[in-house]
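In the numbering used here, the protein residues as written are 24 to 285.
Beta carbons: idealized from backbone N, C-alpha and C, even for Gly.
Here's what the structure looks like:
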């Protein structure tokens, strides 16, 4: 049984190995078409179940920033049609989905206080898409589920004592040992990609630090990092500052002056 588990997981991993934009090895088992279909369906559901903001000024502002970021994406993403929707939600949040979908919550506009800070978040979220993080997460979940199911069968066959306790421990181990750290690596990678995107689009990269300081003050940094899907604000800011010289140079080379105002 152990050999079967190894064979199944090894075959899946070898078939889906890719390299992220920052050079990290990743597993992506699903096709672009499959991920786009998942993204489309999720976005349709969100628009059905969440209130949409129809203020022309707010929508024009958010779309202006999103369009500037989209324009500097790799060609396969820059040339596709992107749908940008502002949702009435007090949470300081945004997201991007495979297939070309961006959602921004109105609550984010209270924390991201200018075009540069909002570009930080939109660049970060689009960074998740071009780095195929959704594909990784879905693939990882499928592999973990397969491993847990086969592992459970092996325990049943061996009549192992305390089976329930062992399986519970495996679940916790997967959560804190694999899923959350992996998610933090995604967040850190999206920060780096987003910083590069906003700089190429002409937005001020230094405002990214101010944005995450605002986020921290708004109370987003209360969860201990080892139990969080996001890096702590202090670590996030430190990494952004390390990348700042290159980002400032990118902004200078781009020579663009975004004019998105609310």
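Looking only at C-alpha atoms, which of the options sits nearest to residue i?
{"i": "residue 130", "options": "137, 98, 112", "result": "112"}
{"i": "residue 229", "options": "257, 267, 212, 206", "result": "267"}
{"i": "residue 141", "options": "227, 105, 210, 67", "result": "227"}
{"i": "residue 119", "options": "155, 137, 133", "result": "155"}
{"i": "residue 237", "options": "225, 277, 133, 146", "result": "133"}
{"i": "residue 59", "options": "275, 278, 121", "result": "121"}
Go through its chain and collect everything with a Cβ distance to residue i's Cβ below 6 Å, but skip five positions before and after it.
{"i": "residue 19", "result": "Nothing about residue 19 can be read from this structure; the chain reaches only from 24 to 285."}
{"i": "residue 124", "result": "62, 66, 106"}
{"i": "residue 76", "result": "109, 111, 129"}
{"i": "residue 74", "result": "111"}
{"i": "residue 269", "result": "none"}
Could you give the distance in angstroms between the alpha-carbon of residue i and the alpha-carbon of residue j?
{"i": "residue 135", "j": "residue 157", "result": "24 Å"}
{"i": "residue 215", "j": "residue 259", "result": "10 Å"}
{"i": "residue 63", "j": "residue 82", "result": "20 Å"}
{"i": "residue 283", "j": "residue 206", "result": "31 Å"}
{"i": "residue 171", "j": "residue 164", "result": "Below a pLDDT of 50, predicted positions are generally treated as unreliable, and residue 171, at 44, falls in that range; no measurement from the model is reported."}
{"i": "residue 61", "j": "residue 212", "result": "22 Å"}
{"i": "residue 89", "j": "residue 138", "result": "10 Å"}
{"i": "residue 151", "j": "residue 78", "result": "27 Å"}
{"i": "residue 235", "j": "residue 256", "result": "6 Å"}
{"i": "residue 99", "j": "residue 72", "result": "30 Å"}
{"i": "residue 50", "j": "residue 57", "result": "15 Å"}
{"i": "residue 84", "j": "residue 68", "result": "24 Å"}
{"i": "residue 239", "j": "residue 262", "result": "15 Å"}
In the DSSP output, which residue or residues are listed as bridge partners for residue i?
{"i": "residue 128", "result": "110"}
{"i": "residue 118", "result": "126"}
{"i": "residue 75", "result": "110"}
Hey, residue i and residue j: beta-carbon distance below 8 Å or not?
{"i": "residue 94", "j": "residue 104", "result": "no"}
{"i": "residue 162", "j": "residue 52", "result": "yes"}
{"i": "residue 285", "j": "residue 160", "result": "no"}
{"i": "residue 55", "j": "residue 281", "result": "no"}
{"i": "residue 146", "j": "residue 225", "result": "no"}
{"i": "residue 115", "j": "residue 277", "result": "no"}
Whose C-beta lies closer than 7 Å to the C-beta of residue i among residues of the same chain, with five residues either side of it excluded?
{"i": "residue 233", "result": "140"}
{"i": "residue 273", "result": "219, 222, 223"}
{"i": "residue 264", "result": "232"}
{"i": "residue 70", "result": "108"}
{"i": "residue 254", "result": "207, 210, 211, 248"}
{"i": "residue 279", "result": "224, 225"}
{"i": "residue 275", "result": "none"}
{"i": "residue 184", "result": "Reliability of the predicted coordinates at residue 184 is poor, the pLDDT of 48 falling under 50, and no value is obtained from them."}
Might you give, ordered along the chain, the residues of its own chain that have their beta carbon closer than 8 Å to the beta carbon of residue i, omitting 5 neighbours on each side?
{"i": "residue 97", "result": "153"}
{"i": "residue 271", "result": "222, 228, 229"}
{"i": "residue 86", "result": "107"}
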